[in-house]
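Inspection log for the structure reproduced underneath, given as structure tokens.
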Amino acid sequence: MKTEPHLADESHREPQPADPALQAAAIGLRLDEQLRKPTTASQEVVEEAYQALNQLALLVPTCDALSPAYASIAHFYYLTALPLSGVEPAQRAVDAARLNGDLSRLRLALSFQALIFSETAALPAAHAVLQEALDCAERLSDPAAQCNVWNLIGIVLQLQSRSREAVAAFERVLEIADTDASLLRFRTAALANIALACTDIDGDVGHGIRAAHAALALVGEPKTAPQSQSRVALEAIATRLLIEVSQLDSARTHAEAATRYAKGVARAEVMAKMARGLVEVASNKHDVGLTLLRQALDTARHTVKALHMPALQTVIKGYEMAGQLDVASVYLEELMRLNRESKTAMLLEHHHKYVDALLDKWSTADEVEATLNSKRSRLTSGLSQRDVHSLTRMLEEHAIAAELHDDETGAHCFRVGRLASILGRTIGLSDDVCFLIDLAARLHDVGKLFVPDAILLKPGKLTLDERTIMQTHTTSGADFLAKANVPQMHIAEEIARHHHERWDGTGYPDRLAGSAIPIAARVAALSDVFDALTHVRPYKRAWSVDESLEEIRSLRGKAFDPELTDIFLALVPALQREHGDLDSFLAAEASNSTFVATRRQLAEKLKGRDPTVTAFDLRR
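Following the numbering used here from start to finish, the sequence shown increments by one per residue and tops out at 1309.
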């Protein structure tokens, strides 16, 4: 849990006011009490309050107390590390505020919904929600609300591994907060978040250290447990940044401060122990440091589960610093399993809710009484192309998110899908199959969602163990798509699993060779490699079309089906002659993606600053 439980009276047993609006307000007050002073019975209290609110919403759907009460329930589940339970009340908070027409409460409800989405790995949805929340804050001309939303945008960007963009969002908070002394709390949070983001950005350590020191100067001495926890987190961030520039004496000072402030706060003690462990490892006291890191991980596993993943990442870093890469790889496997299991469960929950909502929408009157399973079987037989696309839309957005580390525009998967479908049509596949290839090929790298960022974002060459884990994105993606169970889209599983197989049998994951590789995967592989070659990636320049085709020609009969390669080599120049701007032609469908659109809008807002303020330049 993110809060420590304390004993409190069970005030939920008190009589209810008769007036529905007063009842909603009373429920809201009790929920706020549970947030301030949680007890062992808090979850039961919250669940009862939720049922009562749902009854009241039927009686008085425009009651202005509904939205904040639902938001409090979502907040409770966020704080108690049960974010999936908060998805539905967060949506109800938004719906109630929208129905009531209260812009301020809508902004607040959207912010809580974004928190819930970010905690449940639904980052594209969080992006869209925050765009609307920012619009509300700007229409309200409320600087505090704008600071809050920009801070959340930064957090979501960081979760998407877009740390430079995250820093730009946090610096927007600083810009707004500097105009009003009452916004000091937002300035402190933004500086702390900048420091944290800089731990993931090569060459920006100095910026992070300055931000950490500025935040520490503002927070002062902690007086409460939450303040102690925040202070420890800042001291730990400063420790890690100072280690990066070999300022070990200063790093040790901050680690000792973290230990001092952490006493009696379980979550803070884990963070402090991680900071001390890294300092000892960096000081070549490997046994002492690694022991501290393992102790922190053990506590996180069993007591402070919210820190399980950060503790694993820190242990891996410690063993890497100590030169014990074989042990680091063991913990990396654990991180991989934890990442895959938690994300798979959460993403499938979102997907299935989305699909069920679509099925309900498509239900006819005589199906109202049907069970969900029978309704599924009737409605998913003989779906139209539009319906299949609707069912895959959420998966498509997650596939875009999986590629953002290499393709910040989000258009890569659309170009690959379109080119693969055109190649399929050229070799005589039916229009229906080519349509499915277009959709399926967009999902080819969705499995990268389950690869730890430590590998996905590593700037240098991967070790053998890291490369092996990286290759699991094929099987992880296929397994995820199989569990998503979208009708008529089994072809997506084939492409996700086999798009890295090679014609000569040296590919992965199954070392298939020749025509044993499914035709859809062979088609998608050519399109994927061509698009990767012709576009900028963090590790390479964009090759010209001619250079890329020459490279593909050199891999004819090795990586690629030789007959298919010959057709592809003729197809691309023909498409260029016909359409001129090949990128725009192939990426046309990207314009219909909500996620791509919201990312573009956000980039424009971040870039649209005073040109003298270089902190907002996303090209840094």
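Backbone N, C-alpha and C define an ideal beta-carbon position, used for all residues, glycine too. These numbers come from a predicted model, not from an experiment.
- Here the C-alpha atom of residue 890 lies approximately 20 Å from the C-alpha atom of residue 1137.
- Residue 1249 has 1245 as its beta-bridge partners, per DSSP.
- In the pairwise beta carbon analysis, the segment 812-825 is classified as touching the segment 1279-1292: at least three pairs are separated by under 8 Å.
- With contacts defined as CB atoms closer than 9 Å, residue 1278 and residue 1127 qualify as a contacting pair.
- Note: residue 1226 is bridge-paired with 1229 in the DSSP secondary-structure output.
- Only residues of its own chain outside the window of five on either side were considered, and among them 779, 783 and 818 have a CB closer than 6 Å to the CB of residue 802, listed in chain order.
- Linking residue 888 to residue 903 through their CA atoms gives a straight-line distance of about 16 Å.
- Rounded to whole angstroms, the gap between the alpha carbons of residue 1036 and residue 1225 is 29 Å.
- Closest by C-alpha distance to residue 710, out of 743, 1123 and 730, is 743.
- In this structure, DSSP gives residue 851 a state outside helix and strand, which the three-state scheme calls coil.
- The way I'd put it, the segment 840-854 does touch the segment 1091-1099; three or more beta-carbon pairs between them come closer than 8 Å.
- Runs of the alpha helix (DSSP H) lying entirely within the segment 882-946, each at least 4 residues long, are 894-908 and 914-933 in chain order.
- With contacts defined by Cβ atoms closer than 9 Å, residue 1222 and residue 858 do not form a contacting pair.
- In this chain, residue 1193 is not harboured by any alpha helix (DSSP H), its DSSP state being neither H nor E.
- Where residue 756 is concerned, the enclosing alpha helix (DSSP H) starts and stops at 755-768.
- Counting along the chain, the unbroken alpha helix (DSSP H) around residue 1025 starts and ends at 1014-1051.
- About 5 Å separates the beta carbon of residue 1186 from that of residue 1163, a gap short enough to meet the 8 Å contact definition.
- If you check the CB distance, residue 1262 and residue 1234 come in under 9 Å.
- Taking all protein chains shown into account, residue 747 has fewer than 16 neighbouring C-beta atoms within 10 Å of its C-beta and is therefore exposed.
- Here the C-alpha atom of residue 1195 lies approximately 12 Å from the C-alpha atom of residue 1246.
- The DSSP-derived three-state label of residue 1272 is helix.
- Between residue 901 and residue 884, the beta carbon gap of about 4 Å places them in contact (Cβ cut-off 8 Å).
- For residue 729, there is no enclosing alpha helix (DSSP H), as DSSP gives it neither H nor E.
- In the structure shown, the three-state DSSP call for residue 813 is helix.
- Distance between residue 1240 and residue 1220, taken at the CA atoms: about 12 Å.
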